[in-house]
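K.L.:
Numbering (the numbering used here) for the sequence shown: 1 to 597. The structure that follows is given in the form of structure tokens.
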Amino acid sequence: MKKVSLLFRLLRYVSNYKLKLLGLILIALTGVGFEVLKPLPIKVIIDSVLSTKPLPNSVLNLAGNSAWMADKGVLLVCCLAIMAISAAGSALFSFWVTSYMAGFCQRLVNDLSIELYNKLQRLSLTFYHHNKIGDLLQRLSSDVFVIYYLVAQIIVPATSSVISLGAMFYIMASINLELALVALSIVPLLVIALLVFTKPMEKTTERQYQNFGSLSAFVQQSLASMRVIQAFARENLMRRKMETHVLDYNQSFLKATQVSAGYNQLSSLITGLVAVIVVGLGAVQGMNGTISAGDLFVFLGYITALYGPVNSLSIAIGTSVVISSRSKRLFEILDSQEFVTDNPSAIAPSGIFGQVQFENVDFGYGLQNEGKRTLRNINLTVPAGQTVAIVGPTGAGKSSLISLLSRFYDPWKGRITLDGQDLRDLPLPFLRENVALVLQEPFLFPMTIAENIGFGNPDATPDEIRAAAQAAQAHDFIVRLPQGYDTVITETGTSLSGGERQRISLARAFLKQAPILILDEPTSALDALTEAKVFAALNSMTFGKTVFIITHRLSAIKHADLIITLKDGAIVESGTHQNLLATGNTYAQMYNHQQIA
Ligand SMILES: Nc1ncnc2c1ncn2[C@@H]1O[C@H](COP(=O)(O)OP(=O)(O)OP(=O)(O)O)[C@@H](O)[C@H]1O
Numbered sequence: 001m002k003k004v005s006l007l008f009r010l011l012r013y014v015s016n017y018k019l020k021l022l023g024l025i026l027i028a029l030t031g032v033g034f035e036v037l038k039p040l041p042i043k044v045i046i047d048s049v050l051s052t053k054p055l056p057n058s059v060l061n062l063a064g065n066s067a068w069m070a071d072k073g074v075l076l077v078c079c080l081a082i083m084a085i086s087a088a089g090s091a092l093f094s095f096w097v098t099s100y101m102a103g104f105c106q107r108l109v110n111d112l113s114i115e116l117y118n119k120l121q122r123l124s125l126t127f128y129h130h131n132k133i134g135d136l137l138q139r140l141s142s143d144v145f146v147i148y149y150l151v152a153q154i155i156v157p158a159t160s161s162v163i164s165l166g167a168m169f170y171i172m173a174s175i176n177l178e179l180a181l182v183a184l185s186i187v188p189l190l191v192i193a194l195l196v197f198t199k200p201m202e203k204t205t206e207r208q209y210q211n212f213g214s215l216s217a218f219v220q221q222s223l224a225s226m227r228v229i230q231a232f233a234r235e236n237l238m239r240r241k242m243e244t245h246v247l248d249y250n251q252s253f254l255k256a257t258q259v260s261a262g263y264n265q266l267s268s269l270i271t272g273l274v275a276v277i278v279v280g281l282g283a284v285q286g287m288n289g290t291i292s293a294g295d296l297f298v299f300l301g302y303i304t305a306l307y308g309p310v311n312s313l314s315i316a317i318g319t320s321v322v323i324s325s326r327s328k329r330l331f332e333i334l335d336s337q338e339f340v341t342d343n344p345s346a347i348a349p350s351g352i353f354g355q356v357q358f359e360n361v362d363f364g365y366g367l368q369n370e371g372k373r374t375l376r377n378i379n380l381t382v383p384a385g386q387t388v389a390i391v392g393p394t395g396a397g398k399s400s401l402i403s404l405l406s407r408f409y410d411p412w413k414g415r416i417t418l419d420g421q422d423l424r425d426l427p428l429p430f431l432r433e434n435v436a437l438v439l440q441e442p443f444l445f446p447m448t449i450a451e452n453i454g455f456g457n458p459d460a461t462p463d464e465i466r467a468a469a470q471a472a473q474a475h476d477f478i479v480r481l482p483q484g485y486d487t488v489i490t491e492t493g494t495s496l497s498g499g500e501r502q503r504i505s506l507a508r509a510f511l512k513q514a515p516i517l518i519l520d521e522p523t524s525a526l527d528a529l530t531e532a533k534v535f536a537a538l539n540s541m542t543f544g545k546t547v548f549i550i551t552h553r554l555s556a557i558k559h560a561d562l563i564i565t566l567k568d569g570a571i572v573e574s575g576t577h578q579n580l581l582a583t584g585n586t587y588a589q590m591y592n593h594q595q596i597a
């Protein structure tokens with residue numbers, strides 16, 4: 001997307017608050033008006049108090065011909081005017097603009113953050129496989145401020161700069177057109193400087209923020225895996241990698257800063273040079289008597305004041321380059337394809353029985369024509385209320401198969417139905433409300449244990465949370481913790497053992513009371529006794545539910561209604577424990593091997 005169209009797209013968020021923006025610009029312009037007025041009382045002092053020039057008509061009209069308009073009276077009024085202009089213009093309006101702008105821009109940042117967050121929630125896991133969390137974090141917490149800069153460093157300063165330049169030029173031209181035109185030559189010179197610097201600024205800024213994203217991602221991953229780093233004593237290796245990331249970032253930061261400082265300095269140089277020329281020419285005209293001392297003072301005042309708006313215009317233009325590069329990183333998220341989409345015309349059925357059917361399902365993680373096929377021609381019927389166990393060697397596709405049930409991904413080919421209805425024709429939130437999931441890696445939030453379990457059902461009462469914990473064999477260890485159910489879990493959950501985390505995760509799924517329960521190795525971290533208790537509890541908790549369970553401990557699923565064996569992404573056998581044992585094939589071999597071991 002082109003730089004200008006990126007800026008226009010960003011502008012659309014601002015256009016939701018047209019009136020507020022207009023208010024902000026009006027306040028800023030009033031401040032500018034005071035700035036433009038600043039040299040005028042001094043001109044009156046120089047020309048009409050210190051010299052003999054009559055008072056300007058505008059002042060006479062205001063004051064009338066009153067007697068107090070003698071020199072000292074004029075001097076006093078001019079001094080009061082200077083004070084009022086400075087107090088109102090510089091102090092009051094600067095404060096007002098700053099606080100108004102902060103509130104307004106923060107609201108824009110909030111809007112954009114929420115839109116990004118909503119989009120991130122809709123994106124399927126495929127997106128997360130291709131993007132690093134640290135980089136996304138950086139986009140959401142830092143790049144999102146581009147909208148702030150768009151208003152605070154471009155729209156408002158550029159508008160007030162253009163208007164104040166216009167007003168100053170008008171007054172200067174009415175004093176001396178020739179000098180005013182020389183002053184205006186700043187504009188084409190600055191445009192040339194900008195043309196030279198745009199590309200390098202764009203490139204270096206983009207690189208800088210890419211490197212910053214990589215650095216954030218590396219730090220985030222390192223912190224999350226500190227235990228592994230320490231266990232393998234790989235601190236030096238990771239430090240060297242960190243140094244490389246920091247160095248890359250520093251170099252790109254340095255380049256971006258040098259290029260943008262180069263542009264700023266060149267534009268300052270141009271402004272300064274033109275100002276010197278105008279001062280010189282003005283002084284010559286003053287000596288020739290073609291311009292009064294007061295007018296020359298106004299002129300010189302504006303020439304110095306001209307630097308402010310011209311400079312903020314050039315900064316605004318430079319910032320627009322930076323902003324467009326950074327906003328690209330946000331629009332990349334907003335434009336990411338939602339591979340799993342919610343069908344807007346889908347109607348939720350009044351209830352769910354729980355019959356699940358896979359019909360000729362093929363699936364892979366990449367795009368259909370590019371990626372490797374992970375599941376091939378899966379045909380499977382699970383009647384409502386039955387328990388199906390999925391077994392097979394590691395990497396066979398077991399977790400992939402069950403991830404299709406929650407529509408984390410959609411099949412490449414074929415379809416999966418729930419009570420005869422294609423999952424893609426069910427509202428996505430409805431489907432996921434009706435599926436409870438225990439993942440292989442139990443994830444806990446940095447909240448209390450009660451909140452972690454209650455995540456399965458936010459309306460659950462403390463008694464229901466406790467009952468779910470009891471069923472998952474978690475209650476006993478929870479009440480032994482100093483704060484019991486109110487114990488806050490550390491960010492990574494490392495304050496609990498693997499088995500404890502697993503049981504909390506199980507309790508969360510139990511609490512959800514969904515008609516379909518998916519358990520991906522739910523007891524792999526439990527000792528044999530606790531595992532037996534969990535499985536005993538499972539029998540009562542899963543009554544009437546359709547259950548998919550993946551486990552490597554085959555003795556635990558002997559009573560499943562159906563067992564399927566997956567190998568290289570295909571179902572190679574299915575039946576009950578007894579049937580499969582009788583065949584002597586893969587399942588029987590794995591089972592017998594475990595019995596001996
Ligand atoms: N996000 C992913 N992107 C690409 N390939 C993946 C992804 N997740 C899994 N795979 C691949 O899909 C295949 C099946 O993986 P899956 O996790 O479904 O196997 P599994 O039978 O559950 O294994 P395990 O018993 O070890 O958990 C593997 O080859 C794996 O490398």
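Think of the CB as a built atom: it goes at the ideal place given N, C-alpha and C, for glycine as much as any other residue. Here the structure is a predicted model, which is why all the values come from computation and not from measurement.
#1: Between the alpha carbons of Ala67 and Asp295, how many angstroms are there, rounded?
#2: Please name the residue in Pro429, Val187, Gly301, Gln368 whose C-alpha comes closest to that of Ala346.
#3: His245: buried (16+ other C-beta within 10 angstroms of its C-beta) or exposed?
#4: Output the residue ranges of the beta strand (DSSP E) runs that lie fully inside the region 187–249 and measure 3 residues or longer, sorted by chain position.
#5: For Ala348, which residues in the same chain have their Cβ closer than 8 Å to its Cβ, ignoring the five residues on either side in sequence?
#6: State yes or no: is the C-beta of Ala474 within less than 8 Å of the C-beta of Ile504?
#7: Starting from Lys545, follow the alpha helix (DSSP H) in both directions and report where the run begins and ends.
#8: Roughly how many whole angstroms lie between the Cα atoms of Leu140 and Val219?
#9: Relative to the C-alpha of Ser222, which candidate in Gln210, Val278, Leu237 has its C-alpha closest?
#10: Return the chain-ordered ranges of every alpha helix (DSSP H) run that is complete within the region 135–180 and spans a minimum of 4 residues.
#11: Could you tell me if the beta carbon of Lys132 falls within a distance shorter than 7 Å of some heavy atom in ligand 2?
#12: Are there any heavy atoms of ligand 1 lying less than 7 Å away from the beta-carbon of Tyr365, as far as the coordinates show?
#13: Identify every run of the alpha helix (DSSP H) within the region 293–355, keeping only runs that are complete inside it and at least 4 residues long; order them along the chain.
#14: Please list the segments of the alpha helix (DSSP H) lying wholly inside the region 396–482, counting only runs of 4 or more residues, in order along the chain.
#15: Rounded to whole angstroms, how far is the Cβ of Phe477 from the Cβ of Glu441, which I believe are closer than 8 Å?
#16: Give me, in chain order, the residues of the same chain whose beta-carbon lies closer than 6 Å to that of Asn264; leave out the 5 immediate sequence neighbours on both sides.
#17: Along the chain, where does the alpha helix (DSSP H) containing Gly33 start, and where does it finish?
#18: Quick one: what's got a C-beta closer than 6 Å to Ser267's C-beta in the same chain, skipping five residues either side?
#19: Could you check the C-alpha separation between Glu521 and Asn110 for me, to the nearest Å?
#20: For the candidate residues Ala217, Leu375, Thr204, Met226, whose alpha-carbon lies nearest to that of Ile250?
#21: What distance in whole Å lies between the Cβ atoms of Ser15 and Asp135, which are believed to be in contact at a cut-off of 8 Å?
#22: Please state whether DSSP places Ala67 in a helix, a strand or coil.
#23: Leaving out five residues on either side along the sequence, give the residues of the same chain with a beta carbon under 7 Å from the beta carbon of Asn585.
#24: Tell me Arg373's beta-bridge partners as DSSP assigns them.
#25: Taking the straight line between their C-alpha atoms, what separation do you get for Ala588 and Val391?
#26: Are three or more beta carbon pairs between the region 277–285 and the region 227–241 nearer than 8 Å?
#27: Let me check you understand the geometry: is the CB of Gln440 closer than 7 Å to at least one non-hydrogen atom of ligand 1?
#28: Should Lys558 be flagged as near chain C, meaning a C-beta pair shorter than 8 Å?
#29: On a CA-only basis, which of Phe299, Thr271, Leu269, Ile270 is nearest Ala283? Give me that one, please.
#30: Over the uninterrupted beta strand (DSSP E) stretch that includes Gly575, give me the two end residues.
#31: Buried or exposed for His577, going by 16 or more other Cβ atoms inside 10 Å?
#32: For Pro482, count neighbouring Cβ atoms within 10 angstroms of its own Cβ and tell me buried if that reaches 16, exposed if not.
#33: Please state the DSSP three-state secondary structure of Glu359.
#34: Per the contact definition of three or more C-beta pairs closer than 8 Å, is the region 329–336 in contact with the region 102–118?
#35: Using CA atoms only, rank isn't needed, just tell me which of Thr546, Leu511, Ala556 is closest to Thr523.
#36: Rounded to whole angstroms, how far is the Cβ of Leu511 from the Cβ of Ile453, which I believe are closer than 8 Å?
P.N.:
Based on what the coordinates show:
#1: Here the model assigns Ala67 a pLDDT of 49, short of 50, so the residue's position is not dependable, and the following value carries that caveat. Those two C-alpha atoms are separated by around 26 Å.
#2: Pro429
#3: buried
#4: none
#5: Leu426, Pro427, Phe430
#6: yes
#7: Premise fails: Lys545 is in no alpha helix (DSSP H) and is neither H nor E.
#8: 16 Å
#9: Leu237
#10: 146–149, 156–175
#11: This structure does not include ligand 2; its bound ligands are ligand 1.
#12: yes
#13: 293–334
#14: 398–403, 428–433, 449–454, 462–471, 475–480
#15: Their Cβ separation, rounded to whole angstroms, is 20 Å, which puts Phe477 and Glu441 out of contact at 8 Å.
#16: none
#17: 18–37
#18: Leu190, Ala193, Ser314
#19: 40 Å
#20: Checking the displayed sequence, the identity of residue 250 turns out to be Asn instead of Ile. Closest by alpha carbon: Thr204.
#21: That pair is no contact at about 29 Å.
#22: Confidence in Ala67 is poor, its pLDDT being 49 and thus under 50, which makes the residue's placement unreliable; the coordinate value appears in the next sentence. Ala67 falls in the coil class under three-state DSSP.
#23: Glu573
#24: Gly364
#25: 11 Å
#26: no
#27: yes
#28: Absent from the structure is chain C; it holds one protein chain and no more.
#29: Phe299
#30: 570–575
#31: buried
#32: exposed
#33: strand
#34: yes
#35: Ala556
#36: 6 Å
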